[in-house]
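Residue numbers (my numbering): -3 to 151.
Each remark here refers to the structure printed beneath this line.
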Amino acid sequence: MIAVAYKQPISVLVLVHTTDLHVLLLERADFPEHWQSVTGSRDDDEDLATTAHRELLEETGIDADAHGGAVDWNQAQDYVIFPQWRHRYPPGTTHNTEHVFSVDVRAPVPVRLAPREHLRHVWLPWRAAAARCFSWSNRDAILALPARLGHAPTP
């Protein structure tokens, strides 16, 4: 009998942004035309900063350490897992807790996508990036980015 390795309902959301608030978005391979920031579940008992670093490197080829590391916002939100992805989690799991991190890459950097996870990437101004996200938690984190970084939002 083969043991099933379920995902933990604990994940990270990593906002990759430039100093002038352009945000990297990725188009999901398993949900075309749906865009998001880097996301991923914690493995075993790794700390969340390690999860953020690992997911960013796996999904984009970007090394957070080369850009000052991933900043933990010490913010988490719970959301309902989309029904089409619940089979990835232990039976009966319907909610996930997502922890927010960000990485300032100063200016757009090359991105090497994980083809099984993402189809395309784009760098967008923060408001346009927020509007393109299918996930409310991702959208809300991007909308909070200017204040988080001490920028006065422009109209």
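Glycine is no exception: its CB is placed at the ideal position from the N, C-alpha and C atoms.
Reduced DSSP category for residue i - H, G, I as helix; E, B as strand; rest coil
i	result
Thr93	strand
Asp68	strand
Arg38	coil
Asp136	helix
Asp43	coil
Asp74	strand
Unbroken beta strand (DSSP E) run spanning residue i, endpoints
i	result
Trp81	Neither: Trp81 is in no beta strand (DSSP E) and is coded neither H nor E.
Those residues which DSSP pairs with residue i across a bridge
i	result
Ile6	Thr93
His117	Leu22
Val99	Val12
Beta-carbon spacing of residue i, residue j below 9 Å
i	j	result
Glu190	Val34	Since the first residue of the chain shown is -3 and the last is 151, residue 190 is not available in this structure.
Arg108	Leu21	no
Phe130	Leu9	no
Leu152	Leu139	Because the chain spans -3 through 151 in this model, residue 152 falls outside it and cannot be assessed.
Thr56	Val19	no
Gly64	Asp100	yes
His91	Val105	no
Asp39	Thr47	yes
Ala126	Arg116	no
Ala143	Glu54	no
Ser7	His95	yes
For residue i, the first and last residue of its enclosing alpha helix (DSSP H)
i	result
Ala125	122 to 128
When the Cβ atoms of the stretch 39 to 48 are set against those of the stretch 78 to 90, are three or more pairs found closer than 8 Å?
Three or more beta-carbon pairs separated by less than 8 Å are not found between the stretch 39 to 48 and the stretch 78 to 90, which leaves the two stretches without contact.
Would you check if the stretch 119 to 126 and the stretch 66 to 76 touch, i.e. whether three or more CB-CB distances between them fall below 8 Å?
Three or more beta-carbon pairs separated by less than 8 Å are not found between the stretch 66 to 76 and the stretch 119 to 126, which leaves the two stretches without contact.
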